[in-house]
């Protein structure tokens, strides 16, 4: 009797008589950290979910070990936000799961919690998604941007995708809490939405090209701050410096309100190749694979052994150069050049896929290969028995 599983696929001989357990093996290639949950992408385009999404104690999605959703196959892009996730498959369809009280999944309904991946109607030929707190955006292959959920002004709710007028020829989108950053093919950065902390530049206009003198190639948004990486490897920051999320060495005190940077300013970091924002902290990776972090370190989510705010870019002691990093509200996961995963921060809801819910005291190596146990019957059906 043969029972095997690799990257979520299994097969068994037709003469299988007795039910049996099969352990699936998933080899990972990417990660996205959400609010109390984590999404892993396997090398064959399958999604594994671990952690918790909930609207109440009685209405929740909870997985203590990696869970694969059979609806999600050949995924090429994913996004994790405030209790929900979006996914793009290889033919440009969008799928959503999780909290939907503000219609942020685009399902033409405001059902509070969607527990199984569901296809989003009206979206085709999508190449990228990004999730905020109660809204999300999708980028199509023609360079247009589609918005879903609560409007960035916080007034209206859009239960189905609508095209943002004035945005075209866009190559990358990124959601903040109540705003959107968009990078055009020509290297311009456009911002749209709530202007708290002058996230849209020093203006009240809701859609504006930011005054950055260099061509930009990468962008990232936090709750109230943004980072942009230019083609020369320099980082531009703007928004709120509360908890030092912009890397300026100014301590927050009751007498001294947080610094606000209305127009993009260039940091001292050089030869950077990736920028990443968490809600209130940031990370930059240079060409050598070194990771510099700064901002709020509550839950030790910056990988350091204290919880004080990190006022300036500080090098993390990874043993191997890092190729990418994902920052969630309370935990972070990095991937090195050998495809090894490293996690740090809060693990209350099993978000680091360690098999327990104890928080990390520092940087911890995570499994690169995740497994899932299923129960197989004679008719080759399977149901998950470990959660």
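In the UniProt record's numbering, the protein residues as written are 1 to 387. C-beta: ideal position from N, C-alpha, C; glycine also.
Label residue 162 either buried or exposed according to how many other C-beta atoms from any shown protein chain fall within 10 Å of its C-beta, with 16 as the threshold for buried. Indexing the chain shown from 1 puts residue 162 at position 162. The residue is exposed, with fewer than 16 neighbouring Cβ atoms inside 10 Å.
Using DSSP bridges, identify the partner residues of residue 175. One-based indexing of the chain shown puts residue 175 at position 175. Residue 175 is bridged to 180.
With C-beta atoms as the reference, is residue 328 less than 8 Å away from residue 278? Taking the first residue of the chain shown as 1, we reach residue 328 at position 328. Taking the first residue of the chain shown as 1, we reach residue 278 at position 278. Against a cut-off of 8 Å, the Cβ pair of residue 278 and residue 328 comes out as a contact.
Hey, out of 97, 295, 44, whose CA is closest to residue 225's CA? As a first step, residue 225 is located in the chain shown; it is residue number 225 there, counting from the start. Nearest of 97, 295, 44 to residue 225, Cα basis: 295.
Just grab the DSSP bridge partners of residue 191 for me. As a first step, residue 191 is located in the chain shown; it is residue number 191 there, counting from the start. Partner(s): 181, 208.
Is the separation between the beta-carbon of residue 303 and that of residue 341 shorter than 8 Å? Along the chain shown, read from residue 1 onward, the residue named residue 303 stands at position 303. Along the chain shown, read from residue 1 onward, the residue named residue 341 stands at position 341. Taking 8 Å as the Cβ cut-off, residue 303 and residue 341 do not qualify as a contacting pair.
When you compare only the Cα positions, how much space is there between residue 388 and residue 369? Examination of residue 388 is not possible in this model, given that the chain is present from 1 through 387 alone.
If you compare alpha carbons, which of 115, 101, 338, 90 is closest to residue 63? On the chain shown, residue 63 is found 63 positions in, with the first residue counted as 1. Considering only alpha carbons, the answer is 115.
Just reading off the beta strand (DSSP E) that residue 131 is part of, what are its end residues? Here residue 131 corresponds to residue number 131 of the chain shown, with the count starting at 1. 126-131 is the span of the beta strand (DSSP E), which, as asked, contains residue 131.
Cross-strand partners of residue 61 (DSSP beta bridge): Residue numbering aside, residue 61 sits at position 61 when the chain shown is read from its first letter. As computed with DSSP, residue 61 is found in a beta bridge with 53.
Helix, strand or coil for residue 202? Go by DSSP, reduced to three states. Position 202 of the chain shown, counted from the start, is the residue given in the question as residue 202. In this prediction, residue 202 scores a pLDDT of 48, lower than 50, which makes its location untrustworthy; the coordinate-derived value is nonetheless stated afterwards. In the structure shown, residue 202 sits in coil (DSSP, three-state: anything other than H, G, I, E or B).
Measure the alpha-carbon distance for residue 230 versus residue 322 and round it to whole angstroms. Numbered from 1 along the chain shown, position 230 holds the residue referred to as residue 230. Numbered from 1 along the chain shown, position 322 holds the residue referred to as residue 322. Rounded to the nearest angstrom, the two C-alpha atoms are 20 Å apart.
Hey, out of 276, 82, 94, whose CA is closest to residue 71's CA? Taking the chain shown and counting its residues from 1, one reaches residue 71 at position 71. Minimum Cα distance to residue 71 is reached at 94.
Per the DSSP calculation, residue 162 is bridged to which residue(s)? Within the chain shown, residue 162 is the residue found at index 162, counting from 1. DSSP lists 147 as the beta-bridge partner residues of residue 162.
Evaluate residue 172 with the Cβ neighbour count: other Cβ atoms within 10 Å of its Cβ, from every protein chain shown; 16 or more gives buried, anything less gives exposed. As a first step, residue 172 is located in the chain shown; it is residue number 172 there, counting from the start. The residue is buried, with at least 16 neighbouring Cβ atoms inside 10 Å.
Can you tell which of 66, 283, 33 has the C-alpha that lies nearest to the C-alpha of residue 48? Within the chain shown, numbered from 1, the residue matching residue 48 stands at position 48. When each option's Cα is compared against that of residue 48, the closest is 66.
Would you mind stating whether residue 178 and residue 138 have Cβ atoms separated by less than 8 Å? As a position in the chain shown, residue 178 is number 178, starting the count at 1. As a position in the chain shown, residue 138 is number 138, starting the count at 1. Taking 8 Å as the Cβ cut-off, residue 178 and residue 138 do not qualify as a contacting pair.
Could you spell out the range, first to last residue, of the beta strand (DSSP E) harbouring residue 98? The residue given as residue 98 occupies position 98 in the chain shown. DSSP places residue 98 in the uninterrupted beta strand (DSSP E) bounded by 94-99.
First and last residue of the beta strand (DSSP E) that includes residue 336? Stepping through the chain shown from its first residue, residue 336 is reached at position 336. Taken as a continuous stretch (DSSP letters only), the beta strand (DSSP E) holding residue 336 covers 331-336.
What's the gap between the Cα of residue 384 and the Cα of residue 288? Along the chain shown, one-based indexing puts residue 384 at 384. Along the chain shown, one-based indexing puts residue 288 at 288. With a pLDDT of 39 at residue 384, under the threshold of 50, the modelled position of that residue is not reliable, and the figure given next carries that caveat. Whole-angstrom Cα-Cα distance: 42 Å.
N-terminal and C-terminal residue of the beta strand (DSSP E) that residue 345 is part of: Taking the first residue of the chain shown as 1, we reach residue 345 at position 345. For residue 345, the enclosing beta strand (DSSP E) starts and ends at 341-345.
For residue 167 versus residue 189, is the C-beta spacing smaller than 8 Å? Position 167 of the chain shown, counted from the start, is the residue given in the question as residue 167. Position 189 of the chain shown, counted from the start, is the residue given in the question as residue 189. Result no, Cβ atoms of residue 167 and residue 189 do not sit closer than 8 Å.
Cβ-based neighbour list, residue 332, same chain, cut-off 8 Å, excluding 5 preceding and 5 following: Here residue 332 refers to the residue found at position 332 of the chain shown. Excluding sequence neighbours, residue 332 sits near 33, 278, 283, 301, 302, 303, 325, 326, 343, 344, 345.
Taking only three categories from DSSP, how would you classify residue 243? Position 243 of the chain shown holds residue 243. Helix.
How about residue 124 and residue 110: do their beta carbons lie closer than 8 Å? The count along the chain shown starts at 1 and reaches residue 124 at position 124. The count along the chain shown starts at 1 and reaches residue 110 at position 110. No.
Among the candidates 206, 235, 223, whose CA atom is the shortest distance from the CA of residue 216? Counting from 1 along the chain shown, the entry for residue 216 is found at position 216. Nearest Cα to residue 216 within the set 206, 235, 223: 235.
Where residue 298 sits in the DSSP three-state scheme: The residue you call residue 298 lines up with position 298 of the chain shown. Here DSSP, grouped into helix, strand and coil, assigns residue 298 to helix.
Just the C-alpha distance for residue 349 and residue 223, rounded to the nearest angstrom, thanks. By one-based count along the chain shown, residue 349 stands at place 349. By one-based count along the chain shown, residue 223 stands at place 223. If you take the alpha carbons of residue 349 and residue 223, they lie about 22 Å apart.
Nearest-angstrom Cα separation, counted from residue 316 out to residue 106: Along the chain shown, read from residue 1 onward, the residue named residue 106 stands at position 106. Along the chain shown, read from residue 1 onward, the residue named residue 316 stands at position 316. Rounded to whole angstroms, residue 106 to residue 316 spans 38 Å at the Cα level.
Closest by C-alpha distance to residue 337, when choosing among 135, 194, 291: Numbered from its first residue, the chain shown carries residue 337 at position 337. If we check each option's Cα against that of residue 337, 291 comes out closest.
Residue 134 in three-state terms, based on DSSP: Here residue 134 refers to the residue found at position 134 of the chain shown. It is coil, neither helix nor strand.
List the whole-angstrom C-beta distance separating residue 330 from residue 281, where the pair is believed to meet the contact cut-off of C-beta under 8 Å. The residue you call residue 330 lines up with position 330 of the chain shown. The residue you call residue 281 lines up with position 281 of the chain shown. Between residue 281 and residue 330 the Cβ distance is about 10 Å, and since that is not below 8 Å, they are no contact.
Is it right to say residue 91 is buried, meaning 16 or more other beta carbons lie within 10 angstroms of its own, or is it exposed? Locating residue 91 in the chain shown gives position 91, where the first residue counts as 1. Classification of residue 91: exposed, given that the 10 Å Cβ count is below 16.
Cα-Cα separation, residue 386 to residue 50: As a first step, residue 386 must be located in the chain shown, where it is residue number 386. As a first step, residue 50 must be located in the chain shown, where it is residue number 50. With a pLDDT of only 35 at residue 386, under the threshold of 50, the placement of this residue in the model should not be trusted; the figure read from the coordinates follows. If I take the Cα positions, the gap works out to 12 Å.
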